[in-house]
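See below for the structure under consideration.
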């Protein structure tokens with residue numbers, strides 16, 4: 059059974075700094091990885107996905123994947139108070155398989 | 073921008089009653105999913121649906137649950153005889169290939 063592990067936090071970061079969120083996964087055969095943002099009482103919102111080892115940048119967000127270490131991370135540059143949310147790491151089974159989510163990291167950006 | 077929609081936003085029902093949760097996936101998407109999130113817990117996969125049949129289901133998706141695509145746009149989740157522990161947020165998601173986009177959710181409260 060796939061496992062996805064995240065530090066639940068809270069992770070407190072000052073406004074303007076870089077927030078670093080980490081995730082490890084158990085299935086060495088996993089091929090794709092997703093980061094969702096979830097505000098309290100709202101649904102998960104897809105913000106980044108990565109398939110290949112290395113870095114992928116999209117605006118203020120950078121996803122980093124290291125398949126050898128089974129580790130994926132999300133960096134948020136120039137953190138804003140609106141980035142305060144729970145960030146969920148998710149791994150699919152492939153094809154039409156469902157996502158296995160981590161418990162999420164609660165990020166707080168301090169003004 | 074296309075989005076997944078869900079109705080109702082909140083459903084209150086008595087234990088033992090049947091409920092039907094409705095979803096309209098993004099129109100060109102081929103894969104459909106249901107997830108649930110019990111308050112304070114992680115998002116859990118229930119079932120995936122492709123080509124008018126179930127592709128995968130989790131251990132949670134027992135005989136009390138069923139899914140249907142009654143027409144070209146709607147995707148429904150039925151719970152036949154609700155239990156107190158079915159109280160949760162239920163999210164519908166859809167994908168064209170891998171990236172899954174979530175609807176706003178239905179909060180189900182079983183009393």
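Protein chains in written order, with my numbering: chain Y, 59 to 169; chain B, 73 to 183.
Positions of the beta carbon are idealized from the N, C-alpha and C atoms, including for glycine.
Query: Helix, strand or coil at residue 80 (chain B) according to DSSP, with G and I counted as helix; Result: coil
Query: Three-way DSSP call (helix, strand, coil) for residue 150 (chain Y) in this model; Result: strand
Query: Reference residue 146 (chain Y), options B:99, B:116, B:149, B:169, closest by Cα; Result: B:116
Query: Endpoints, the beta strand (DSSP E) within which residue 127 (chain B) is located; Result: 125-129
Query: N- and C-terminal bounds of the beta strand (DSSP E) containing residue 158 (chain Y); Result: 157-159
Query: Min CB distance residue 114 (chain Y) to chain B below 9 Å; Result: no
Query: Residues in the region 102-113 of chain Y having any Cβ partner in chain B nearer than 9 Å; Result: 102, 103, 104, 107, 109
Query: Cβ of residue 99 (chain B) within 9 Å of any chain Y Cβ; Result: no
Query: Bridge partner(s) assigned by DSSP for residue 169 (chain B); Result: According to DSSP, which records beta bridges pairwise, residue 169 (chain B) is partnered with nothing at all.
Query: C-beta atoms of residue 126 (chain Y) and residue 108 (chain Y) nearer than 9 Å; Result: no
Query: Of the listed residues B:81, B:102, B:77, nearest to residue 181 (chain B) (C-alpha basis); Result: B:81
Query: Chain-order list of residues whose beta-carbon lies under 6 Å from that of residue 129 (chain B) (same chain, five-residue window excluded); Result: 119
Query: Opening and closing residue of the beta strand (DSSP E) in which residue 106 (chain Y) lies; Result: 103-108
Query: Where residue 157 (chain B) sits in the DSSP three-state scheme; Result: helix
Query: Buried or exposed (CB count within 10 angstroms, at least 16 for buried), residue 183 (chain B); Result: exposed
Query: Residue 104 (chain Y) beta carbon near the ligand ADP (any heavy atom closer than 8 Å); Result: Looking for the ligand ADP in the displayed structure turns up nothing, as the structure carries no ligands at all.
Query: Residue-chain proximity (residue 87 (chain Y), chain B), Cβ-Cβ < 9 Å; Result: no
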